[in-house]
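Residues -20 to -1, 1 to 66 in mature numbering (1 follows the signal peptide of the UniProt record, and there is no 0) are what the sequence shown spells out, letter by letter. Yeah, the Cβ is synthetic: ideal placement off N, Cα and C, and Gly gets one too. Nothing here was measured: the structure is a model prediction, and the numbers come from that model.
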Amino acid sequence: MNLRGFYAFIVVLLICGVSAASVSRVVHIDANTGADKGFWRKKVIWKPRMVKDWEERRYVVGIWKKVWGPVEVKEWVPFPKPLPSW
């Protein structure tokens, strides 16, 4: 084992020792806040993507082309809160 490999091994041991010492106990509590009011909205937008195509010349050459296609986007839309006067 050369000197460079030895130093790399020591660094890995130190990092593992430090990361293991810094781990603390994690507790997750699920609070029941009720169902969120809202809905999922889907819409289709057009986005470009790169596609590799092959052309025959003297030999086969790979060429990247921009192709437009539909992409479905989903987002959560919460219901608006009622006005205070209601």
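Counting only the same chain and skipping the five closest in sequence on each side, list residues whose C-beta sits under 7 angstroms from that of R29.
Translated into the one-based positions of the sequence shown, residue 29 becomes position 49. Contacts found: V47 and G49.
CA nearest to the CA of residue 78, picked from V(-10), W26, E55 and R37:
Not covered by the structure: residue 78. The range shown for the chain is -20 to 66.
Identified DSSP bridge partners for K61
Residue mapping note: residue 61 aligns to position 81 of the sequence shown, counting from 1. Its beta-bridge partners do not exist; DSSP assigns none.
State yes or no: is the C-beta of W34 within less than 9 angstroms of the C-beta of V51?
As a position in the sequence shown, residue 34 is number 54, starting the count at 1. As a position in the sequence shown, residue 51 is number 71, starting the count at 1. No, these two residues do not count as a Cβ contact at 9 angstroms.
Less than 8 angstroms separating the Cβ of R21 from some heavy atom of the ligand FMN?
This structure lacks the ligand FMN, and indeed carries no ligand of any kind.
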